[in-house]
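Visitor: Can you read through this structure? Questions will come right after.
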Amino acid sequence: MTAGIGLTALNTLQLHASAERLVTLTSSDQLRAEIAALDEGAVPHVLGGGSNVILCDHLPGTTMLMAIKGREVLSDDDTKVVIRVGAGESWHDFVVWCHHQGFHGLANLALIPGSVGGAPIQNIGAYGVEVADCIEAVHAVHRQTGERACLSLEDCEFRYRDSVFKHEAGAEWIITEVDFVLDREAPVEANYPTLRARLSKAELTHDAVLAAVISIRRERLPDPVITPNVGSFFKNPVISQQDIDILRQNFPEVPVYPASNDAVKISAAWLIDQLGWRGEERDGVKVSDDHALVLEGCGARSAAAWLALAADIAASVKEAYDVSLELEPRVIGAAG
Ligand code: EPU
């Protein structure tokens, strides 16, 4: 590891990465002052909860740790509530707090590791809900100019595990606050098969959904505090109706979910599982025994080992099914 500030405790893969300089951000004004003080052309790295990133060994220049806190109710008409939340708040704590206030919409996203500011980047999703369903606006600061912006839902270009923040047009924005719109009268969302199977008719309540989501996640996904992981390591591929027709001729049992009018999402876990990867271990990284889409650390401390296993899995899926897998976490640093 190059000398610098250790980031091991700040990423859930527990990679032994380091930053040349680390600044903790507690307000957007401080962020703008830090940007103004950077050398011309310098672009800072930003870390949130560190739960969906693969950090390269050394991050040169300035890395900013997002720690802007706060939850402010902006409006409340007794049904809908708009809340502004600091990007550095814990995602799960915010979900539980909303539930206790009776502000509904986010229970299906309980226990997703990470921070509020990371949620829109990936458009986090689970058990039939995506965070974009409850976002009204995203506030951000430009990482080179310090300019402030408020991005509307449309500006954010949310898609399956994707948003403008993952593309060139939006990659320069550092998210500082997110405005959520929640609903005291929102219906329970329990159509996702694994979730529905847990709940009897009498249990179609927000309380029961929250408890069921927490228990399903605890059973199927490793706790990053104990086992290094970032949840799903790949996105579920979205392919055209034409391509799925071809794939289904050879593999009629491949699980398929609707994506848009002319495309479908296929289960990456199933493709990987069929090729026998579950439990496979290489250089301190292992495909989870419980979920083929999840890689777990068992000793690896450098991004290279994770990326190598991921590349081998993706190559085998490409060869067997002619389907390309995309990484779900973001690579931060040189290899990115
Ligand atoms: N499956 C297998 N083998 C496995 C696991 C699953 O064949 O080892 C197949 C089964 O047919 C199963 C299907 O895959 O029914 C779907 O599995 P699951 O319900 O776990 O969903 P997923 O598509 O694999 C996605 C998200 C998860 C989220 C779950 C539940 C992505 C990339 N992942 O996984 O999100 O928790 O749905 O909604 O979309 C994450 O993003 O980090 C994450 C964990």
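So the sequence shown is residues 516 to 851, counted in the numbering used here.
For each residue, glycine too, the CB sits at the ideal point set by N, CA and C.
What you are looking at is a predicted structure, and each value in this text was computed from that prediction instead of being measured.
1. Count the other C-beta atoms from every protein chain shown that fall within 10 angstroms of the C-beta of A655, then say buried if there are 16 or more, exposed otherwise.
2. Give a single yes or no on whether G620 has its beta carbon closer than 8 Å to a heavy atom of ligand 1.
3. Looking at the unbroken beta strand (DSSP E) that takes in T577, where does it start and where does it end?
4. Just tell me which of G848, I828 and I847 has its CA closest to the CA of L840.
5. Does DSSP classify T742 as helix, strand or coil?
6. Which class does Y772 belong to by DSSP, given the choice of helix, strand or coil?
7. Using the rule of at least 16 other Cβ atoms within 10 Å of the residue's Cβ for burial, across every protein chain shown, is G848 buried or exposed?
8. DSSP beta-bridge partners for C813?
9. Checking 9 Å against the spacing of the C-beta atoms, do P858 and E604 come in under that value?
10. Between the beta-carbon of A625 and the beta-carbon of V611, is there less than 9 Å?
11. If you reduce the DSSP assignment to three classes, tell me which class L719 lands in.
12. Which residue marks the beginning of the beta strand (DSSP E) containing K780, and which one marks its end?
13. Are V653 and V693 touching if we call contact CB-CB under 9 Å?
14. I need the straight-line Cα distance from G629 to I520, nearest angstrom please.
15. Using a Cβ-Cβ cut-off of 6 Å (strictly less than) and excluding sequence neighbours within five positions of L824, which residues of its own chain qualify?
16. Would you list, in sequence order, the uninterrupted alpha helix (DSSP H) runs of no fewer than 4 residues that lie entirely inside the stretch 557-629?
17. What separation, rounded to the nearest whole angstrom, lies between the Cα atoms of L580 and A835?
18. I'd like the span of the alpha helix (DSSP H) that includes K833, first residue to last.
19. Using three-state DSSP, classify S803 as helix, strand or coil.
20. Roughly how many angstroms separate the alpha carbons of F766 and Y707, rounded to a whole number?
21. Check whether the stretch 524-532 and the stretch 801-818 are in contact - that is, three or more C-beta pairs closer than 8 Å.
22. To the nearest angstrom, how far is the alpha carbon of S667 from that of G685?
23. Within this structure, are the beta carbons of P635 and I690 separated by less than 9 Å?
24. Is it the case that the CB of T527 approaches a heavy atom of ligand 1 more closely than 8 Å?
Guide: Working from what's here:
1. A655 comes out buried.
2. Annotation for G620 indicates a beta carbon at 8 Å or more from all heavy atoms of ligand 1.
3. Element bounds for T577: H573 to M581.
4. Checking every option, the nearest Cα to that of L840 belongs to I828.
5. In the three-state reduction of the DSSP assignment, T742 falls in the coil class, being assigned neither a helical nor a strand state.
6. Looking at Y772 - three-state DSSP - the assignment turns out to be strand.
7. A buried status is given to G848, since no fewer than 16 other beta-carbon atoms sit within 10 Å of its beta-carbon.
8. Beta bridge pairing from DSSP links C813 with no other residue.
9. With the chain covering 516 to 851 only, the question about residue 858 has no answer from this structure.
10. In this structure, A625 lies near V611, with their beta-carbon atoms less than 9 Å apart.
11. Here L719 sits in coil by DSSP.
12. Element bounds for K780: A778 to I781.
13. Yes, the Cβ-Cβ distance between V653 and V693 is below 9 Å.
14. Roughly 21 Å between the two C-alpha positions.
15. Answer for L824: R797 and V800, listed in chain order.
16. Fully enclosed alpha helix (DSSP H) runs of 4 or longer: 606-616.
17. The straight-line gap separating the alpha-carbon atoms of L580 and A835 is approximately 41 Å.
18. K833 -> alpha helix (DSSP H) spans A818 to Y836.
19. Coil, per DSSP.
20. When rounded, the separation of the alpha-carbon atoms in F766 and Y707 is 23 Å.
21. The stretch 524-532, when compared against the stretch 801-818, does touch it at the 8 Å Cβ threshold.
22. One Cα belongs to S667, the other to G685, and the distance between them is close to 13 Å.
23. Contact: yes.
24. No - ligand 1 has no heavy atom lying nearer than 8 Å to the Cβ of T527.
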